[in-house]
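Here's the structure we're looking at; comments come further down.
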C-alpha cells in the first residue's frame, strides 16, 4: 500500500538518495502549501546529514590520531611558528583562530591545549582575557600594542600582572618612555620575570632621540636569551645578560645611537653565551683615556654572527682586537681612514695572527661601487663568510673611490693573509669615471701573495677603457715569481673576463702559451667582450687560435655576485 504524497516513504533518506525517482508534493508546483510537514521533515534530514558528514570526517586517516598525538603536533607547530617570537602577531595569527574552526574534533583538542592560547595582545582585551584563562600555566607572549586604547591596555596588563612569572616573550613599543605609557607599564616592568626568554622594544615612529634603557624587572631575568632593541640603549644593569644568546641594537638613521666602546665591551663581558651580535645605525666612539687603559679582552666563545653598523675603521679594529672569538660570519660597515704612513685602514686589526681571525681565506671578492663611493670586500674564512663594506667619509680629503682604487686594493692584499686563496673576483658597478692605480706593478704584487690561486674572475661594467684586464694580463704574462722563477699563480686554471674594452685576446694567447710551455696550462678561459657581440660565428674570430693553448674557450663567463649574508630577523 503506497503512502500518501509527502508521506514517510518518499521523505525517507533512502528514497531521497535517488533524485531520479523523486515524487515530492508540490515539486515545481504553483502552490506553496505544506500539508505533510515537508519543511520540518527536511530540516530533520539536514541535521541527520550534518551528523553523517561529521561521522564520515571522523573516519578519515587524519582523525584516527589520538588526542595526545594531535596535542603534540599542535604544540610543535606553535614552537616552529616564527611570528611567535616577532612583534607582528595579531588576532588572526593566533593558532586557536585557525585550528578551532577546522572541525569539531580539532576544536575539542584546541580548547584543551594551553600552548595554543599563549599569545596575548593589549589590542584585543576580550580575546586576551580568554587566552589568559585557557593558557593555564603555560608560558605566555605579551604584546603591548601602541594602537591599543589606554583602557584596553590597562585592563589586559592588570590581568597579566599576577602571571608575570609566566611571561616568556615580551614586546613593547619604543614610545614606552612617554608619560602615559610609562605609568601604564610601570607595574609590569618592575615585576620579576624569571621565565622571560625574549624582550623586544619594537620600532614606533618618534621624534625624540634614542634613549637609555632603564633597569627592568628588578634585575631578575635569569632566562633572558634574546634582547632586541630599537631606539633604546642598553645599560650594564638593564637586564640579566648571563644567558643572552642574541643581542640586536638598532638606532635611528637621522639620530643614530652613540655608544662608547668601554660600555659595549662591558655589556659583552656579561654575555659569555652570546651567539649573535648585530648593531645597526649605531656609532661606536672612543672611551676616555682612563677607560682605554682599563679595557680588557672579552671572550665570546660561542659567537657565530657579528654584524656591526657604520663606525670608523679605528673603532672597528679596536673592538675586534678586544674580542676573543672563533672565526664566525662577520659583516662590518666601515668608514675608511688613512694612516700616517699613507696606508688605508678598513677595520682589520694589525694582529690577525694573534687573534686567529680571517685565517685560511679561500675566496675573496672585491666589488667597487664608485658611484656611491664604497667598496665591498667579501670572502670565506674557515668556511665562514666575512664582509667589509667600506665607504669614504663625507668630510674626508681622500677623494673619490675610483681615484684610490689601486691603493685600496694593495691595502687589502697587504692586510689579509691570502696564502691559501683559491678564488679571486674583482668587479665594479657601472660608472663613468676611470679607475686609477690598478697598474701592472700592483697586480704583480697582489698575485705574488696568492700562490694557490686557481680561479680568477674580472667583471667590469664601466663604459671607459679603465684597463682592468690589460694590466692584469701583463702581470700574469711577464712577471715571474722571485723564489721559483716561474709564472705567478702557478696553479691558475680558470680565467673569466666580462666587458673590458681593453681586453687583448692576443695578449691572453701569449700568456696562455707561456704558461703551457712552463708546465702550468690554463684549462678554461671565458669572456664576454663588446667586440664579439656582432659576430654570428665564433669560428670567424681569433678564438680558435686561443684554443690551441687553452682546452676550453667560451663566451659565457659565470655570473659572479656577492653572496647573501646570513641575516637575523628584527
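In the UniProt record's numbering, the protein residues as written are 1 to 570. Glycine included, each C-beta is placed from N, C-alpha and C at the ideal position. A quick note: this is a predicted structure, and the numbers were derived from the prediction, not measured.
Go through its chain and collect everything with a Cβ distance to residue 566's Cβ below 8 Å, but skip five positions before and after it. Counted from its first residue, the chain shown places residue 566 at position 566. Counting only Cβ-Cβ distances below 8 Å, and skipping sequence neighbours, we find 305, 329 and 385.
Helix or strand or just coil, what does DSSP make of residue 338? On the chain shown, residue 338 is found 338 positions in, with the first residue counted as 1. In the structure shown, residue 338 sits in a strand (DSSP, three-state: E or B).
Alpha carbon to alpha carbon, how far is residue 268 from residue 246? Give it in angstroms, no decimals. Position 246 of the chain shown holds residue 246. Position 268 of the chain shown holds residue 268. About 11 Å.
Alpha carbon to alpha carbon, what distance is there between residue 227 and residue 578? Residue 578 is absent from the model: the chain starts at 1 and stops at 570.
How would you write the range of the alpha helix (DSSP H) that residue 157 sits in, first residue to last? What you label residue 157 is simply residue 157 of the chain shown in a count that begins at 1. Start and end: 150-160.
What residues in its chain sit with their C-beta under 7 Å from that of residue 587, if we drop five residues either side in the sequence? Coverage of the chain is limited to positions 1 through 570, which leaves residue 587 absent and any answer about it impossible.
Three-state secondary structure (DSSP) of residue 436: Position 436 of the chain shown, counted from the start, is the residue given in the question as residue 436. In the structure shown, residue 436 sits in coil (DSSP, three-state: anything other than H, G, I, E or B).
Length at least 4, wholly inside the stretch 257-292: the alpha helix (DSSP H) runs in chain order: 261-269
Name the residue from 264, 552, 241 and 200 whose alpha carbon lies nearest to the alpha carbon of residue 220. Position 220 of the chain shown, counted from the start, is the residue given in the question as residue 220. The residue with the shortest Cα to Cα distance from residue 220 is 241.
Residue 381 and residue 375 closer than 8 Å at C-beta: Residue 381 sits at position 381 when you count from the first residue of the chain shown. Residue 375 sits at position 375 when you count from the first residue of the chain shown. Taking 8 Å as the Cβ cut-off, residue 381 and residue 375 do not qualify as a contacting pair.
Quick one, are the C-beta atoms of residue 436 and residue 403 less than 8 Å apart? Reading the chain shown from its first residue, position 436 is the one you call residue 436. Reading the chain shown from its first residue, position 403 is the one you call residue 403. Yes, the pair counts as a contact, with Cβ atoms nearer than the cut-off.
Simplified DSSP state of residue 88, which is helix, strand or coil: Your numbering for residue 88 matches position 88 in the chain shown. With a pLDDT of 47 at residue 88, under the threshold of 50, the modelled position of that residue is not reliable, and the figure given next carries that caveat. Note: residue 88 maps to coil in three-state DSSP.
Among 198, 171 and 157, whose alpha-carbon lies nearest the alpha-carbon of residue 183? Reading the chain shown from its first residue, position 183 is the one you call residue 183. Checking every option, the nearest Cα to that of residue 183 belongs to 157.
Under three-state DSSP, which class holds residue 216? Position 216 of the chain shown, counted from the first residue, corresponds to residue 216. Of the three classes helix, strand and coil, the one that applies to residue 216 here is coil, per DSSP.
In this structure, does DSSP put residue 14 in helix, strand or coil? By 1-based counting over the chain shown, the position of residue 14 is 14. Helix at residue 14.
Would you say the stretch 516-530 touches the stretch 546-563, given that touching needs at least three Cβ pairs under 8 Å? yes
Where does residue 55 land, buried or exposed, given buried means 16+ other C-beta within 10 angstroms? In the chain shown, counting from the first residue as 1, residue 55 sits at position 55. So residue 55 counts as exposed.
Would you mind giving the Cβ-Cβ distance between residue 229 and residue 265, rounded to the nearest angstrom? I have them listed as a contact below 8 Å. Here the question's residue 229 lines up with position 229 in the chain shown. Here the question's residue 265 lines up with position 265 in the chain shown. That pair is no contact at about 18 Å.
Going by DSSP in three states, residue 197 sits in which element: helix, strand or coil? Along the chain shown, one-based indexing puts residue 197 at 197. Residue 197 falls in the coil class under three-state DSSP.
From residue 456 to residue 424, what does the alpha carbon distance come to, in whole angstroms? Here residue 456 refers to the residue found at position 456 of the chain shown. Here residue 424 refers to the residue found at position 424 of the chain shown. Computed Cα separation, rounded: 5 Å.
For residue 383, tell me which candidate among 79, 471 and 420 has the shortest Cα-Cα distance. For this step, residue 383 is matched to residue 383 along the chain shown. Selected option, being the one with the closest Cα: 420.
Is the stretch 341-348 close to the stretch 359-368, with three or more CB pairs under 8 Å? no
Give the straight-line distance between the Cα atoms of residue 104 and residue 39, rounded to the nearest whole angstrom. Your numbering for residue 104 matches position 104 in the chain shown. Your numbering for residue 39 matches position 39 in the chain shown. Roughly 27 Å between the two C-alpha positions.
In three-state terms, what does DSSP make of residue 241? As a working note, residue 241 is residue 241 in the chain shown. Coil, per DSSP.
Pair within 8 Å by beta-carbon distance, residue 316 and residue 282: Translated into the one-based positions of the chain shown, residue 316 becomes position 316. Translated into the one-based positions of the chain shown, residue 282 becomes position 282. The answer is no: Cβ separation not under 8 Å.
Thinking C-beta only, is residue 371 closer than 8 Å to residue 333? Residue numbering aside, residue 333 sits at position 333 when the chain shown is read from its first letter. Residue numbering aside, residue 371 sits at position 371 when the chain shown is read from its first letter. No. Outside cutoff.
Check whether the Cβ atoms of residue 318 and residue 261 sit closer than 8 Å, and answer yes or no. The residue labelled residue 318 in the question sits at position 318 within the chain shown. The residue labelled residue 261 in the question sits at position 261 within the chain shown. Closer than 8 Å, so yes.
Three-state class that DSSP yields for residue 490 in the structure shown: For this step, residue 490 is matched to residue 490 along the chain shown. Note: residue 490 maps to coil in three-state DSSP.
Just the C-alpha distance for residue 556 and residue 302, rounded to the nearest angstrom, thanks. Numbered from 1 along the chain shown, position 556 holds the residue referred to as residue 556. Numbered from 1 along the chain shown, position 302 holds the residue referred to as residue 302. Near 43 Å, if we compare the C-alpha coordinates of residue 302 and residue 556.
Is residue 474 closer than 8 Å to residue 488 when the C-beta atoms are compared? Stepping through the chain shown from its first residue, residue 488 is reached at position 488. Stepping through the chain shown from its first residue, residue 474 is reached at position 474. No.
Return the chain-ordered list of same chain residues with a C-beta closer than 6 Å to the C-beta of residue 99, the five sequence neighbours on each side being excluded. For the purposes of this step, residue 99 is identified with residue 99 of the chain shown, where counting begins at 1. 106 and 110, listed in sequence order.
At what residue ranges does the stretch 384-415 contain a whole run of the beta strand (DSSP E), taking only runs of 3 or more? 384-391
For residue 377, which three-state DSSP category applies? As a first step, residue 377 must be located in the chain shown, where it is residue number 377. Looking at residue 377 - three-state DSSP - the assignment turns out to be strand.
What residues in its chain sit with their C-beta under 7 Å from that of residue 146, if we drop five residues either side in the sequence? Position 146 of the chain shown, counted from the first residue, corresponds to residue 146. Result list for residue 146: 173, 175 and 204, in chain order.
Relative to the C-alpha of residue 349, which residue among 387, 416 and 298 is closest? On the chain shown, position 349 is the one that residue 349 refers to. The candidate whose alpha carbon is nearest that of residue 349 is 416.
Would you kindly work out how many angstroms separate the C-alpha atoms of residue 52 and residue 251, rounded to a whole number? The residue given as residue 52 occupies position 52 in the chain shown. The residue given as residue 251 occupies position 251 in the chain shown. The alpha-carbon atoms of residue 52 and residue 251 are separated by roughly 60 Å.
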